[in-house]
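Student:
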Amino acid sequence: MRRILTPSSFLTSTLLSAGFLLALLFVWWWNSRAPTPIVLTPTLTGKPEYCLTCHADLPEISASHPVETFGCVTCHGGERLVLDKDLAHSSMRGGANPSDLSVVEASCGGSNCHSGSEADDRHHIQRVTTSIQATYAGAIANIRFTFGAQTDLSPHYGIHAVSDDKTQTGIQSLLAFDPFSESNPNIQKFGEECLTCHINATPREGDAYARQTGCAACHTPLRLPSNSENLGGVSRRDEGGGVHALTTAIPYTQCNTCHNRGNYNLRTMTFDERTDHSTIRLYDYYQPIAQFTKCEYTLDCIDCHTRSEAMGDGDIHADQKSIEYVQCKTCHGTPTELPLTKTLTDPNDLAFRLAFLNPVIDLKLGDTILVTEKGEPLWNIRVLPDGTYEMYGKATRQYFTFRPVMGSGCTQTGEDQSSSYCHECHAVER
Amino acid sequence: MTNLSRRDFLKLARDGFLWLSGALALGGLLRFLDYEPNPAPKTEFDLGPADQYPLGSRTLLTDPPAVLLHTESGFSALSLVCTHLGCTVEQNADGFICPCHGSRFDADGNVTHRPADKPLHSLRVEITPQNTLRLRLD
Chain A
1 MRRILTPSSF LTSTLLSAGF LLALLFVWWW NSRAPTPIVL TPTLTGKPEY CLTCHADLPE
61 ISASHPVETF GCVTCHGGER LVLDKDLAHS SMRGGANPSD LSVVEASCGG SNCHSGSEAD
121 DRHHIQRVTT SIQATYAGAI ANIRFTFGAQ TDLSPHYGIH AVSDDKTQTG IQSLLAFDPF
181 SESNPNIQKF GEECLTCHIN ATPREGDAYA RQTGCAACHT PLRLPSNSEN LGGVSRRDEG
241 GGVHALTTAI PYTQCNTCHN RGNYNLRTMT FDERTDHSTI RLYDYYQPIA QFTKCEYTLD
301 CIDCHTRSEA MGDGDIHADQ KSIEYVQCKT CHGTPTELPL TKTLTDPNDL AFRLAFLNPV
361 IDLKLGDTIL VTEKGEPLWN IRVLPDGTYE MYGKATRQYF TFRPVMGSGC TQTGEDQSSS
421 YCHECHAVER
Chain B
1001 MTNLSRRDFL KLARDGFLWL SGALALGGLL RFLDYEPNPA PKTEFDLGPA DQYPLGSRTL
1061 LTDPPAVLLH TESGFSALSL VCTHLGCTVE QNADGFICPC HGSRFDADGN VTHRPADKPL
1121 HSLRVEITPQ NTLRLRLD
């Protein structure tokens, strides 16, 4: 039976079809608003990514991580073929910081990357997650001991649970510290107020503390020292507030975002910010010492302190003192001993790798460099033919020369080498 | 000129809208089906006439990154993609060096300096009947 359409049915069906067409046009228009994708197929993955459609203006993060090779997704995660901002970013690791320790293994790990073998000295993630900078084990043990929660200073807890199957220190594991399971209110307050410095903690508010977390806490300086006497340095953040850069040339200003900013007050369990920061570095003395020799205020922290001191050596350590070992004599020797040296004969020597990553010095086979008593290369210090030493600042590229203590007028004994002894004669007058 | 009744006008408009909608939907469908989010990477590269590459020459290619060798035994090519993580190695006096992590290779592509632990890949070079060279990555 044929259905007869009434005039109103005609009008309705026409309006419906017009609405349908408008809806389709709207979808078409909406879809055409999406930008034309810029496709990058990184050689490492061989999988196309559209990230550069919006992020083509980002600077290369480092010479070791070119975007043509790594792309973006290898490190950052995210939906590689999505052009909608929220959806594309929905599965990113660590937000804008894939080096946060909660995701670092997925972002930076892998046997060819930063969780390689210890023998090759490529176990960076194992080193950093077991390091004092990440576990804060010494501070936690000290506080728990002080307030009677444990009977000695042995470390039982870290910021996160961590284990070390091949321990050289005898500490095989740490439990995750939960201050709220502690009965002592001081320890609870310590947990609330005093855990802002370990490298995976969100830093305190303020430019002076501004840093990222995880690897980027050190390797992505948000500010660089300025040539002027402005200790705050020069911000290198982009319009989005971030910095897309990784470096091993870490300036002292980055270390200062945690160190040298103030003290934890054990009576009130609060952080007392320093108020005596000078605008001249010489007067901005390092608090525990309150004195500077010339090298302590002209060099950067990483010029003396080694990678294992700063980033850990793969073992869980009880406290800061058990990992820091470099002293004045490491570079200068004593009245009776020259500093330790090593002549580079192996092209695969770690010194070459470190100098390659931060090319402040042109190391060659046959060069003699200084090494620490643990054998770590002080690769930026080379022995000169006349027995003196030349040094290139790792962060500043400044050139220095210096002499050994032996043969000088120094009468300090070889045993008394903590910096306070050297400061007695060599502290710079302020 | 024929007078169009209101009913016919509505019918014509409705049909027009539906046809346009159908065409738009079909266009969208074709566009969707035609879209290739994962284009297959190119595996063959035409290198031009073989006589452009004289005997004994070592020619750096940029796409793909490779060095084309013409020796007594014929044409061959070495990939310049570092076998460590895939950066493009650079030629120097001793062979090749990776600018990313410092791996070094001799002129034949053998590793002389880690972190790479495999030699540079050899690539296939074919001579076509037209005496041109074709480089194949597969």
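If you're matching them up, the sequences are chains A and B in order. The opening residue of the first sequence carries number 1 in the working numbering; numbering runs sequentially from there. The opening residue of the second sequence carries number 1001 in the working numbering; numbering runs sequentially from there. Built from N, CA and C at the ideal position, the CB exists for glycine as well.
1. From the beta carbon of residue 1021 (chain B), is the nearest beta carbon of chain A less than 8 angstroms away?
2. Is the number of C-beta pairs between the region 158–173 of chain A and the region 120–132 of chain A that are closer than 8 angstroms three or more?
3. Determine, using beta carbons only, whether residue 1111 (chain B) comes closer than 8 angstroms to chain A.
4. Just the C-alpha distance for residue 101 (chain A) and residue 85 (chain A), rounded to the nearest angstrom, thanks.
5. What residues in the region 1051–1075 of chain B bring their beta carbon closer than 9 angstroms to a beta carbon of chain A?
6. To the nearest angstrom, how far is the alpha carbon of residue 1064 (chain B) from that of residue 41 (chain A)?
7. Would you say residue 344 (chain A) faces chain B, with C-beta separation under 8 angstroms as the test?
8. Straight-line CA distance for residue 1133 (chain B) to residue 1122 (chain B)?
9. From residue 1115 (chain B) to residue 1101 (chain B), what distance separates their C-alpha atoms?
10. Per DSSP, which one or two residues make a beta bridge with residue 1024 (chain B)?
11. Assuming residue 281 (chain A) contacts residue 297 (chain A) under a Cβ cut-off of 8 angstroms, what Cβ separation, rounded to an integer in Å, is found between them?
12. Kindly indicate which residue of B:1062, B:1073, B:1068, B:1077 has the alpha-carbon position closest to the one of residue 1088 (chain B).
13. So what's residue 220 (chain A) in DSSP terms, helix, strand or just coil?
14. Check each residue of the region 1014–1046 of chain B: if its Cβ is closer than 9 angstroms to any Cβ of chain A, include it; give the result in chain order.
15. Does any residue of chain A have a CB that is nearer than 8 angstroms to the CB of residue 1136 (chain B)?
16. Flag this pair as touching only if the region 324–333 of chain A and the region 1074–1092 of chain B have three or more C-beta atom pairs under 8 angstroms; answer yes or no.
17. What's the gap between the Cα of residue 399 (chain A) and the Cα of residue 378 (chain A)?
18. Would you mind working out which of A:402, A:327, A:395, A:371 sits nearest residue 360 (chain A), comparing C-alpha positions?
19. Using the beta-carbon of each residue, which ones in chain A are nearer than 7 angstroms to residue 1010 (chain B)?
20. Just by C-beta distance, which residues in the region 50–79 of chain A are closer than 8 angstroms to chain B?
21. Could you tell me which uninterrupted beta strand (DSSP E) segments, each at least 3 residues in length, are contained entirely in the region 8–36 of chain A, listed from first to last along the chain?
22. Measure from the alpha carbon of residue 1056 (chain B) to the alpha carbon of each residue in B:1048, B:1046, B:1077, B:1072, then state which is nearest.
23. Just the chain B side, please: which residues come within less than 9 angstroms of residue 28 (chain A) by C-beta, in chain order?
24. With DSSP collapsed to three states, give me the class of residue 85 (chain A).
25. Since residue 1114 (chain B) meets chain A, which of its residues come closer than 7 angstroms, beta carbon to beta carbon?
26. Tell me whether the beta-carbon of residue 353 (chain A) lies closer than 8 angstroms to the beta-carbon of residue 368 (chain A).
27. I need the boundaries of the alpha helix (DSSP H) containing residue 128 (chain A), first residue and last residue.
28. Assign residue 164 (chain A) to buried or exposed, taking buried as 16 or more other Cβ atoms, counted over all protein chains shown, within 10 Å of its Cβ.
29. Compute the Euclidean distance between the alpha carbons of residue 336 (chain A) and residue 370 (chain A), then round it to the nearest angstrom.
30. According to DSSP, what are the bridge partners of residue 176 (chain A)?
Tutor: Reading off the structure:
1. yes
2. yes
3. no
4. 25 angstroms
5. 1065
6. The C-alpha of residue 41 (chain A) is placed about 13 angstroms away from the C-alpha of residue 1064 (chain B).
7. no
8. The straight-line gap from Cα to Cα measures roughly 16 angstroms.
9. 7 angstroms
10. Residue 1024 (chain B) is not bridged to any residue.
11. 5 angstroms
12. B:1062
13. Under the three-state reduction of DSSP output, residue 220 (chain A) falls in the coil class, being neither helix nor strand.
14. 1014, 1015, 1016, 1017, 1018, 1020, 1021, 1024, 1025, 1027, 1028, 1031, 1037, 1038, 1039, 1041
15. no
16. no
17. 15 angstroms
18. A:395
19. 10, 11, 14
20. 63, 64, 65, 66, 68, 69, 70
21. none
22. Per the Cα distances, B:1072.
23. 1024, 1027, 1028
24. Correct three-state label for residue 85 (chain A): helix.
25. Going along chain A in sequence order, the residues near residue 1114 (chain B) (Cβ under 7 angstroms) are 348.
26. no
27. 124–130
28. Taking a 10 Å sphere around the C-beta of residue 164 (chain A), we find 16 or more other C-beta atoms and assign the residue as buried.
29. 17 angstroms
30. A:158
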